Amino acid sequence: MGIFGARTGTNNAVASGAHFGVHGRVVGSFLSLLTAIAFFSLSVWSSGDALIGATQRLFDSSYQSNWLYGLVYSGFALLVLTICIYGFRFMLLVNRVAVIASSLLFFLGLFTFSKQFDSAYAGQIQLGQAGFWAAFTGAALIAFSNPISFGTFLGGWSRYIPKETSSHKIMAAVFASQLATLIPFLFGLVTASIVARSAPVFIEQNNYIAGLIQISPAWYFIPLCLIALIGGLSTGTTALYGTGLDMSSLFPKSLTRVKATIWVGLLSILFIFLGRFAANLTQSVMTFATLIVVCTSPWIIIMIIGFITRKGYYKNDDLQVFANGLKGGIYWFHHGWNWRGIIAWIPSALIGLCFVHLPDQFIGIWGHLFNGLDLSLPISITLAALLYISLLKLFPEPSTVYKATSRAKKTKQQCNRSLLSE
């Protein structure tokens, strides 16, 4: 998904207009908006809670107040919003510092907790026990939500890469960055197992952050605060910036990038406060973020198959028809909608949701069919691939969407088929 930005010079939602139609790109924009709100909220909540908890232990204070949490949440959210408003280069600088600093702090944390870590800890459900594979696949789906969530945002970053850059280099960079996320994953896995063994009450209360603070040595509180601050900034800016940019292209006459970023940021902040204080939706948003992945995955598969069938050919000006308030172009299809991509995506996403099995969180109507195994992701991906390829075969797209050499080859093949039939 990192290739689209470099090839089209725009974000992935706009680029999806090549396969969903210039109006159908709203599917990508909608998924991007939901993903941004969910992950921005989670980053603010987790970072805010960690900052408050660590400073309370640092100063030996047990003061609890919704006003305090609200102040920290709003301050952190506004900081992320300000960074995004100032633009890509400033955000890139922040993320460069964040990646290096947080990686060093995570490695320091792994060294800090190494003596407390018990590699023999098997968890609440062990291999061979009933429910193990259901818990395993559910946990895997939650873990997949991290790399897949970047699928809608990558174009907002890679569009700055020169067009002549090798696709292999871009994919290698994206792959390496995803491998790097194993560092915080490993940190979370190690510390969560320590919390579960040393302070299980926090796991029962679904309060990992409080448990992490409880098991941390006093000297690690400041590094922990830095991890909370830096990690939240990196995740928050990644989610918010690309969506603000995308929303400005949806409403080009009324919203600039800055205005769109502010509106998305304020909407997210409102959701943060309502979800935390009015409805206690913290756990629900984590589930919601996972469900978004099930809907985003078939969209990504359709984009990838489309890229392969078009051999990476895109007409950049025609992708901007909607943003420029025009009609026509090679991606206009049927009144701005490419029904092949839309029809392949809708049932794939809906059926995928029906097979979700996240115990105590969300279970789809067919979630029990595989003895508790969550196969929603492979089902939605496979179905999207089969439907989209079949539709492309049965109802070929206009030859104009293909490169000139490809169009000539397709025309020749069609002529040969006609001659054979005659």
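Using our numbering, you'd call the opening residue of the sequence shown number 60 and step up by one each time. For each residue, glycine too, the CB sits at the ideal point set by N, CA and C. All of these numbers come straight from a predicted model, not from anything done at the bench.
Residue i (DSSP reduced to helix, strand or coil)
| i | result |
| --- | --- |
| His393 | strand |
| Asp108 | helix |
| Glu481 | Only weak support exists for where Glu481 lies, its pLDDT of 48 falling under 50; the coordinates are left without a value. |
| Leu130 | helix |
| Tyr461 | coil |
| Cys474 | Note on Cys474: pLDDT 49, under 50, position unreliable in the model; no value is reported. |
| Lys222 | coil |
| Gly301 | helix |
| Leu446 | helix |
| Ala181 | coil |
Opening and closing residue of the alpha helix (DSSP H) in which residue i lies
| i | result |
| --- | --- |
| Phe310 | Segment: none, Phe310 is in no alpha helix (DSSP H) and carries neither H nor E. |
| Thr67 | Ile62 to Thr67 |
| Pro243 | Leu241 to Ser257 |
| Gln273 | Tyr267 to Ile274 |
| His78 | Gly76 to Phe79 |
| Leu200 | Phe191 to Ser208 |
| Gly214 | Leu213 to Ser217 |
Nonlocal neighbours in the same chain, by C-beta distance under 7 Å from residue i, ignoring five residues either side
| i | result |
| --- | --- |
| His78 | Ile361, Met362, Gly365, Asn397 and Gly400 |
| Ala251 | Tyr267 |
| Thr224 | Ala65 |
| Val131 | Gly107, Leu110 and Ile111 |
| Gly387 | Val380 |
| Lys452 | none |
| Ala258 | Gly270, Gln273 and Ile274 |
Beta-carbon proximity list for residue i, same chain, < 8 Å, skipping 5 on both sides
| i | result |
| --- | --- |
| Ala269 | Asp108, Gly112 and Phe261 |
| Leu299 | Ala95, Phe99, Val139, Leu140, Cys143, Thr320, Val323, Gly324 and Ser327 |
| Pro243 | Ser161, Phe165 and Gly290 |
| Thr240 | Asn205 and Pro206 |
Residue j beta carbon less than 7 Å from that of residue i
| i | j | result |
| --- | --- | --- |
| Ile286 | Ser161 | yes |
| Lys462 | Tyr372 | yes |
| Asp376 | Tyr390 | no |
| Gly68 | Val233 | no |
| Thr196 | Ser91 | no |
| Thr294 | Ser102 | yes |
| Phe280 | Arg116 | yes |
| Gly423 | Val353 | no |
| Trp192 | Leu450 | no |
| Asp305 | Ala136 | no |
| Ser236 | Ser356 | no |
| Ala382 | Tyr447 | no |
| Asn70 | Gly214 | yes |
Beta-carbon contacts of residue i that lie in its chain and below 6 Å, excluding the five residues immediately before and after
| i | result |
| --- | --- |
| Leu478 | Note on Leu478: pLDDT 43, under 50, position unreliable in the model; the coordinate value appears next. Closer than 6 Å at the Cβ level, and outside the excluded window around Leu478, lies no residue. |
| Thr296 | Val139, Ile142, Cys143 and Met150 |
| Gly395 | Gly80, Val81 and His82 |
| Gly76 | Arg84, Leu378 and Tyr390 |
*asked:* Extract the residue ranges of the beta strand (DSSP E) inside the segment 410 to 437, only unbroken runs of 3 or more that lie entirely within it.
replied: none
*Inside the segment 324 to 377 only - alpha helix (DSSP H) runs reaching at least 4 residues*: 341 to 368
*Can you list the beta strand (DSSP E) stretches of 3 or more residues lying completely in the segment 134 to 179, in chain order?*
none
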